[in-house]
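Peer 1: Numbering (our numbering), first residue to last: 16 to 128.
Quick reminder that beta carbons are idealized off the backbone N, C-alpha and C, glycines included.
Predicted, not measured: the structure shown is a model, and the values here were computed from it.
The structure is given below, and queries will be raised subsequently.
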Amino acid sequence: MSRLYANENFRLSVVLALIELGHDVLTSYDADNANLGVSDAQVLDFVRNNNRIILTFNRRDFIQLHYQKPFHPGIIVCTEDKDNLALARRIHQAILDLNNNTENQLIRINRLG
Numbered sequence: 016m017s018r019l020y021a022n023e024n025f026r027l028s029v030v031l032a033l034i035e036l037g038h039d040v041l042t043s044y045d046a047d048n049a050n051l052g053v054s055d056a057q058v059l060d061f062v063r064n065n066n067r068i069i070l071t072f073n074r075r076d077f078i079q080l081h082y083q084k085p086f087h088p089g090i091i092v093c094t095e096d097k098d099n100l101a102l103a104r105r106i107h108q109a110i111l112d113l114n115n116n117t118e119n120q121l122i123r124i125n126r127l128g
């Protein structure tokens, strides 16, 4: 499936569900980028250099970054949802709907209801 990068604010339970759905997910902790004050622009550079789609709850900043730096492997911004499995399934389906062609795409995953 897809190569994803879970931003520091992204819940591990959603990451684990995405892995179960077949995605390769690298977390900021696994990449040694956690708790270092890494800026959002540096996170975007990291995913560009590592060809990974960013997963984040930091919607405002990453939507702005998408317009400032529109060339990237993909940005998935999510609204908070306590149903981790449902959120993972919506992310998975959005990627499938794009035929895994997320390059330069801003993908918004909204909570249902």
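Is any beta-carbon of chain C found at less than 7 angstroms from that of D98?
Peer 2: The structure shown has no chain C; it contains just one protein chain.
Peer 1: Report all residues from its chain with a CB closer than 6 angstroms to the CB of V29; omit the five preceding and five following residues, and keep chain order.
Peer 2: Position 14 of the sequence shown, counted from the start, is the residue given in the question as residue 29. For V29, where only same-chain residues beyond five positions count, the Cβ hits under 6 angstroms are N99, L102 and A103.
Peer 1: Where does the unbroken beta strand (DSSP E) through L51 begin, and where does it stop?
Peer 2: Looking up residue 51 in the sequence shown gives position 36. Looking at the DSSP string, L51 is not in any beta strand (DSSP E), and its letter there is neither H nor E.
Peer 1: Among residues of its own chain, excluding the 5 on either side of V92, which ones have a beta-carbon nearer than 8 angstroms to its beta-carbon?
Peer 2: Looking up residue 92 in the sequence shown gives position 77. Answer for V92: T71, F72, N73, R74, F77, I78, L121, I122, R123 and I124, listed in chain order.
Peer 1: Per DSSP, Y20 is paired with what?
Peer 2: For the purposes of this step, residue 20 is taken as the residue at position 5 of the sequence shown. Answer is L41 and I69, bridged to Y20.
Peer 1: According to the neighbour-count rule (16 or more other Cβ atoms, all chains shown, within 10 Å of its Cβ), is R126 buried or exposed?
Peer 2: As a position in the sequence shown, residue 126 is number 111, starting the count at 1. So R126 counts as exposed.
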